[in-house]
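Enquirer:
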Amino acid sequence: MGPLPQVVYDQLSWLPAPRRVIVSGCPVQLDAYPFELGNTLYILGGADDMIVLQVIPSSTDARTALMAAVAPPPQNEPSVTSWSHVRDRDLV
1070 MGPLPQVVYD
1080 QLSWLPAPRR
1090 VIVSGCPVQL
1100 DAYPFELGNT
1110 LYILGGADDM
1120 IVLQVIPSST
1130 DARTALMAAV
1140 APPPQNEPSV
1150 TSWSHVRDRD
1160 LV
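Per the numbering used here, the sequence shown starts with residue 1070, numbered consecutively.
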């Protein structure tokens, strides 16, 4: 993916973070945003690449964690292609 200039996180699941951090000498913008799906991080790359991570708390029982890991994303969550308008207009 190369440099990761932006991380978008669920504002209800995570503590507030600085708007910008330096990682390995590269600036990374951190943006809080309300998501339907909690414990979610969107890692945005420089060429419109994106990785979506849903964090499963370590306190989650094994069966629930496995079911969450294999479940399809909700229909109302943004798709990879629908994120460009959010990133460009609302978060930067």
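Backbone N, C-alpha and C define an ideal beta-carbon position, used for all residues, glycine too.
Alpha carbon to alpha carbon, what distance is there between Val-1124 and Val-1164?
Expert: Past the edges of the chain, shown from 1070 to 1161, lies residue 1164, and the structure says nothing about it.
Enquirer: Note down, one range per segment and in chain order, each beta strand (DSSP E) of at least 3 residues found wholly within the region 1100-1128.
Expert: 1109-1113 and 1119-1123
Enquirer: State the beta-bridge partners of Arg-1089 as determined by DSSP.
Expert: Mapped onto the sequence shown, residue 1089 falls at position 20. Gln-1098.
Enquirer: Could you tell me which residues DSSP pairs with Val-1077 in its beta bridges?
Expert: Against the sequence shown, residue 1077 aligns to sequence position 8. Answer by DSSP bridge pairing, in chain order: Asp-1100 and Tyr-1111.
Enquirer: How about Val-1121 and Thr-1129: do their beta carbons lie closer than 9 Å?
Expert: For the purposes of this step, residue 1121 is identified with residue 52 of the sequence shown, where counting begins at 1. For the purposes of this step, residue 1129 is identified with residue 60 of the sequence shown, where counting begins at 1. Cβ atoms of Val-1121 and Thr-1129: not closer than 9 Å.
Enquirer: Which residues in the same chain as Ala-1086 place their Cβ atom closer than 8 Å to its Cβ, once the five residues preceding and following it in sequence are excluded?
Expert: Reading the sequence shown from its first residue, position 17 is the one you call residue 1086. Contacts found: Tyr-1078, Leu-1099 and Ala-1101.
Enquirer: Using a Cβ-Cβ cut-off of 8 Å (strictly less than) and excluding sequence neighbours within five positions of Val-1097, which residues of its own chain qualify?
Expert: Position 28 of the sequence shown holds residue 1097. Hits under 8 Å: Leu-1073, Pro-1074, Gln-1075, Val-1076, Arg-1089, Val-1090 and Ile-1091.
Enquirer: Drop a sphere of 10 angstroms on the beta-carbon of Leu-1081, count the other beta-carbons inside from all chains shown, and report buried for 16 or more, exposed for fewer.
Expert: Working through the sequence shown from its first residue, we reach residue 1081 at position 12. Exposed, because fewer than 16 other Cβ atoms sit within 10 Å of the Cβ of Leu-1081.
Enquirer: Buried or exposed: which applies to Met-1136, given that a residue is buried once 16 or more other Cβ atoms fall within 10 Å of its Cβ?
Expert: Along the sequence shown, read from residue 1 onward, the residue named residue 1136 stands at position 67. Met-1136 should be labelled exposed.
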